[in-house]
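Numbering (mature numbering (1 follows the signal peptide of the UniProt record, and there is no 0)), first residue to last: -22 to -1, 1 to 241. Written below as structure tokens is the structure these notes are about.
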Amino acid sequence: MACNHRPPCLLAFFFFAAIASAQLSSTFYSTSCPLAIQTIRQAVRAAVAKEARMGASLLRLHFHDCFVNGCDGSVLLDDTPSFTGEKTAVPNNNSLRGFDVIDNIKSQVEAVCKQVVSCADILAVAARESVAALGGPPWTVQLGRRDATTASLDAANTEIPSPKSDLGAHTIGQARCISFRDRIYNETSIDSFYFRNLVKKKGLLHSDQQLFGGGSTDSLVTTYSTNTARFFSDFAAAMVKMGNISPLTGTDGEVRLNCRKTN
């Protein structure tokens, strides 16, 4: 993931200003769908156990969703003859994956409680459970997001930072061959090894190595390279902030029956 020149972007991996979290609550489904979180957790763990890379893919889906008009599940919408969604945007096309896993999770959640849990919330919880499955830190996910009834190809093309941006971080997962230099590593766990590589000038992407190149983020990279607990704490806090970007709540949007299409 990467950041462009926006003033609030001081850190690569999700140091964003939280825009709105009104009406979200960690206990949102406690009464209406008490088995929702457990169901999502079990499905994510099964998917990651089958393919460790899927954890990074689900985390990235949440990131690409939130960066385009907020965390509203718009990234999941398929194109139709009369509608072009975000999946074919340059940063997403032939790059985002895990849609079938989200479909499976949605089906399992729908079997437990019909049309209660939004696809946007499934993405948020799946991201946390993916990180946990890969050995990363936990955090409290605020819930109650509703799903968008539209998407924006233009916004996806302009708002999602490029791997060639000046700041970025890809702590887990795999990069496409066209994106990286001649420094290759392929981790399937979350720890401070990523930052130790940056200190050694072994960042995979241009945007990664910019984190440690004589700039304002050098001190943080140095800290994280030797202090995994500090990295975990800051990562979790940043994920909460990102998950709170412009959610649809109340009567805005809808709760989709199928994450790939509007009701």
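The beta carbon of each residue, even a glycine, is placed where N, CA and C say it ideally should be.
In the structure shown, what three-state DSSP assignment does residue i receive?
i    : result
Y43  : Correcting the residue identity first, residue 43 is Asp in this sequence and not Tyr. Correct three-state label for D43: helix.
S3   : strand
L13  : coil
Y163 : Bear in mind that a pLDDT of 45 at Y163, under 50, signals an unreliable position, so the number given afterwards is only what the model happens to contain. In this structure, Y163 counts as coil in the three-state DSSP scheme.
Q93  : coil
E29  : coil
V87  : helix
G221 : helix
T195 : coil
R75  : coil
V109 : helix
S8   : coil
D50  : coil
V103 : helix
N82  : helix
N205 : coil
Once you ignore the five residues that flank residue i on each side, which residues in its own chain have a CB closer than 7 angstroms to its CB?
i    : result
A110 : P116
S108 : V22, V26, G33, L36 and L37
F77  : L54
T127 : G231, E232 and T240
Q93  : V233 and L235
V103 : I15, I18 and V119
A133 : V46 and N47
Quick one: residues in its chain with C-beta nearer than 6 angstroms to the C-beta of residue i, no 5 flanking neighbours on either side, listed in chain order?
i    : result
R75  : S35
F45  : E137 and I138
A214 : P115 and W117
C91  : C11
S96  : R123, R124, D125 and V233
N135 : A67 and V68
Alpha carbon to alpha carbon, how far is residue j from residue i? Give it in angstroms, no decimals.
i    : j    : result
T204 : S197 : 11 angstroms
N72  : A89  : 30 angstroms
K239 : P12  : 25 angstroms
Y202 : V218 : 19 angstroms
S224 : A98  : 12 angstroms
G122 : T17  : 17 angstroms
L226 : N82  : 23 angstroms
I100 : R19  : 10 angstroms
S60  : C49  : 23 angstroms
D56  : H42  : 15 angstroms
Q86  : A14  : 9 angstroms
I80  : T200 : 36 angstroms
R234 : A24  : 24 angstroms
T62  : L39  : 18 angstroms
L112 : T195 : 25 angstroms
C237 : K28  : 22 angstroms
DSSP has residue i in a bridge; who is on the other side?
i    : result
R124 : L226
F61  : T58
N236 : K239
Taking buried to mean at least 16 other C-beta atoms within 10 Å of its own C-beta, is residue i buried or exposed?
i    : result
S3   : exposed
N70  : buried
A207 : exposed
V68  : exposed
G146 : Here G146 scores only 41 on pLDDT, less than 50, and its place in the model should not be relied on; the value that follows carries that caveat. Looking at its Cβ environment, which holds 16 or more other Cβ atoms inside 10 Å, G146 is buried.
S8   : exposed
T5   : exposed
K84  : buried
Excluding the 5 residues flanking residue i on each side, which residues of the same chain have their C-beta closer than 8 angstroms to its C-beta?
i    : result
G228 : Q1 and R124
S130 : V46, N47, S52 and E64
T66  : D57 and L131
R106 : P116, W117, V119 and M217
S211 : P115
Contact criterion: CB-CB distance below 8 angstroms. Does residue i meet it with respect to chain B?
i   : result
S85 : Within the model displayed, chain B is absent; a lone protein chain is all it includes.
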